[in-house]
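Quick notes on the structure that follows.
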Amino acid sequence: MITKRIIPCLDVRDGRVVKGKNFKGLKDVSSPVELGSYYSECLADELVFYDITASSDGRKLFTEILREVAANIFIPLTVGGGIGTMDDFDRVLKCGADKVSVNTGAIKDPDLISQAARKYGDQCVVISADIKRVDGKFHVFARGGRDDTGMEGISWIKRCVDNGAGEVVVNSIDTDGVKEGFDLDLLSEVLSVVNVPVIASGGAGGADSFLELFKTLPDISAGLAASIFHFGEVKIPELKKLLRDNDINVRL
Amino acid sequence: MIAIIDYGVGNLFSLESSFKAIGEESVVTRDPALIEAADRLVLPGVGAFGDAMQKLVLTGMDIFVKRAANKGKPLLGICLGMQLLFEKSYEYGEHEGLGLIKGEVVPMAGTIPEDLNIPQIGWNKLELVGDSPLFKNTKNGDFVYFVHSYYGDNCDESVIAYTDYGRKITAAVARDNIYGCQFHPEKSGETGLRILKAFCGRVEE
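Respectively, the protein sequence lines represent chains A and B. The numbering used here numbers the first residue of the first sequence as 3 and each following residue consecutively. The numbering used here numbers the first residue of the second sequence as 2 and each following residue consecutively.
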């Protein structure tokens with residue numbers, strides 16, 4: 003049967019991998035090309051490559067680096083960040099992306115997901131949702147976690163899947179960078195309303211966080227993290243051994 | 002030289018990069034002279050069967066691929082490219098395929114347990130059948146990466162690997178010089194690169 007996936011996420015700005023805490027205070031980590039091929043060789047199941055550059059110059063640089071990353075990895079690659087039009091889909095798919103992740107773009111243009119799903123297939127379209135609790139309710143945030151859209155998070159995700167998103171990345175702003183585990187309550191609510199793969203993001207503090215995730219929520223497809231992998235705090239082969247020893251089905 | 006058939010579908014960049022990584026020269030082309038000159042052919046593909054088949058016919062590639070395959074040139078169909086090798090598909094209607102491998106392409110929906118997601122997306126194990134040259138660098142139980150909602154059926158005599166997704170699903174087929182894999186070797190890490198090497202006739206220690 004299909005395995006649970008472990009996914010390192012590379013946030014890239016101006017050609018370098020960065021990682022912040024609660025989306026602020028970004029800190030340079032390393033070269034995306036080096037990190038990408040390192041992960042491809044050391045049993046990462048997939049790579050997410052996220053463009054957090056704002057300027058158009060930076061975007062051009064990102065496209066070049068994306069090509070270089072894609073040419074050196076032999077696992078599936080999801081690309082996101084600044085995807086707002088069908089041309090953006092086309093641009094990153096031509097550079098070697100297998101899936102395209104949309105976030106703010108889908109909030110601005112509700113038809114983007116259905117258009118992309120029709121053209122490239124559901125499996126190509128990933129909805130990435132940044133969710134934060136506001137007065138006890140899950141709200142969708144836009145622009146890298148800066149703007150509260152006021153929209154309710156769970157129904158938003160369901161709507162995106164109904165429109166053709168083939169996969170969901172649920173990023174909890176509340177747990178992101180805190181390193182005390184994934185947002186299990188939020189993830190559990192998402193799992194109860196969609197039937198496509200759900201990827202947990204935000205909050206992994208160590209290998210234990212992944213074990214807790216897959217044990218508590220057996221329907222979760224994957225766990226995603228950045229800094230704990232980039233800084234070598236968690237090594238993917240060791241994480242997978244721990245999961246396998248606890249009867250979680252992983253590729254090892 | 003390997004000719005990757007370009008008929009307007011699919012992510013060919015990854016395939017080219019994979020061949021480069023194993024030190025094989027490849028070219029993405031629809032030039033009949035290059036296809037004729039190539040040592041091996043790869044038929045890629047993503048998307049819907051009917052649409053892809055139509056593009057193959059419009060570019061004339063159906064004829065060149067069939068001719069080369071029937072003359073004994075090694076051919077590898079990948080994902081939808083494998084499904085196109087069959088006689089027909091039931092994806093959104095009924096469509097004729099290249100007919101190079103006996104069998105048909107059927108939907109997973111209704112044939113696998115309802116709690117499983119469709120498409121199957123992710124890493125799954127190969128259960129090898131027999132001793133195909135395509136898998137001479139592969140061990141039983143090696144993981145490869147799948148993305149698909151349809152699979153090859155009624156093709157038992159050609160199956161060289163299954164995978165388990167709530168039922169036995171055709172993972173790879175072969176007939177003489179013609180090979181097809183439902184999974185993506187170019188996305189299957191080291192295991193995938195070893196399968197591409199085997200397709201190029203190279204045996205790994």
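All residues carry an ideal CB built from backbone N, CA and C; glycine is no exception.
For the segment 191-206 of chain A, the beta-carbon criterion of a distance under 8 Å to any beta-carbon of chain B is satisfied by N197, V198, P199.
For secondary structure counted as the alpha helix (DSSP H) over 4 or more consecutive residues, the segment 29-71 of chain B holds these complete runs in sequence order: 33-38, 50-59, 62-71.
The Cβ of B/D157 sits no closer than 7 Å to any Cβ of chain A. Under a 10 Å Cβ-count criterion, A/K101 is classified as buried, with 16 or more other Cβ atoms of the shown protein chains found around its own Cβ.
When only Cα atoms are considered, A/G84 and A/L189 end up about 24 Å apart.
Relative to A/D150, the option among A/V171, A/V128, A/I175 whose CA is nearest is A/I175.
In this structure B/I3 is not in contact with B/P45, their Cβ atoms being roughly 12 Å apart against a cut-off of 8 Å. Judged by beta-carbon spacing, A/G183 lies beyond the 7 Å limit of A/S116, meaning their Cβ atoms are not closer than that value. Scanning chain B for C-beta atoms nearer than 9 Å to the C-beta of A/P220 yields nothing, as the closest lies near 11 Å away. The three-state reading of DSSP puts B/P186 in helix, counting H, G and I together. Across the set B/S15, B/E25, B/K72, the C-alpha of B/K72 shows the shortest separation from the C-alpha of B/E37.
Listed along chain B are V47, P120, I122, V148, H149, S150, each with a C-beta nearer than 9 Å to that of A/Q125.
For the segment 192-205 of chain B, the residues whose beta carbon sits under 8 Å from a beta carbon of chain A are, in order, G193, L194. By the neighbour-count definition (other C-beta atoms within 10 Å, threshold 16), A/T106 is a buried residue. Under the Cβ distance rule, B/D165 counts among the residues neighbouring chain A, one pair being separated by less than 7 Å. Looking at the DSSP output, A/G225 sits in a beta bridge with A/I8, A/A202.
Annotation: the continuous beta strand (DSSP E) that includes A/F51 extends over 49-53.
Residues of the segment 110-139 of chain A with a C-beta less than 7 Å from any C-beta of chain B: G123, Q125, listed in chain order. At a Cβ-Cβ threshold of 7 Å, B/V66 and B/Y91 do not count as neighbours. Boundaries of the beta strand (DSSP E) harbouring A/R135: 127-136, taken from the DSSP string. Judged by DSSP secondary structure, B/I119 falls outside any alpha helix (DSSP H); it is assigned neither H nor E.
By the beta-carbon neighbour count (other beta carbons within 10 angstroms, threshold 16), B/G142 is exposed. A/P10 does not reach chain B, its nearest Cβ partner there being about 14 Å away, counting only Cβ pairs nearer than 8 Å.
Pairwise C-beta distances place the segment 107-126 of chain A out of contact with the segment 64-76 of chain A, as fewer than three of them are shorter than 8 Å. The continuous beta strand (DSSP E) containing A/K139 extends over residues 139-144. Residues of chain B with a Cβ closer than 7 Å to the Cβ of A/F64 do not exist, since the nearest Cβ in that chain sits about 16 Å away. Bounds of any alpha helix (DSSP H) do not take in A/I85, whose DSSP letter is neither H nor E. As summarised for the segment 72-141 of chain B, the continuous alpha helix (DSSP H) elements at least 4 residues long and confined to that stretch are 81-84, given in chain order.
For A/A73, the closest Cβ of chain B is nearer than 7 Å.
Of the other Cβ atoms in all chains shown, 16 or more fall within 10 Å of the Cβ of A/E169; this residue is therefore buried. Shortest Cα-Cα distance from A/K237 to any of A/S42, A/T5, A/R15 involves A/S42. Taking every protein chain shown into account, the CB of A/S157 has fewer than 16 other CB atoms within 10 angstroms, so this residue is exposed.
For B/N125, the chain A residues whose Cβ falls inside 8 Å of its Cβ are M3, I4, T5, in order along the chain. Within the segment 227-251 of chain A, complete alpha helix (DSSP H) segments of at least 4 residues are found at 229-232, 238-247, given in chain order. The segment 9-22 of chain B and the segment 239-250 of chain A do not touch, with fewer than 3 CB-CB distances between them shorter than 8 Å. Any Cβ of chain B closer than 7 Å to the Cβ of A/F76 would place that residue at the interface, and such an atom is present.
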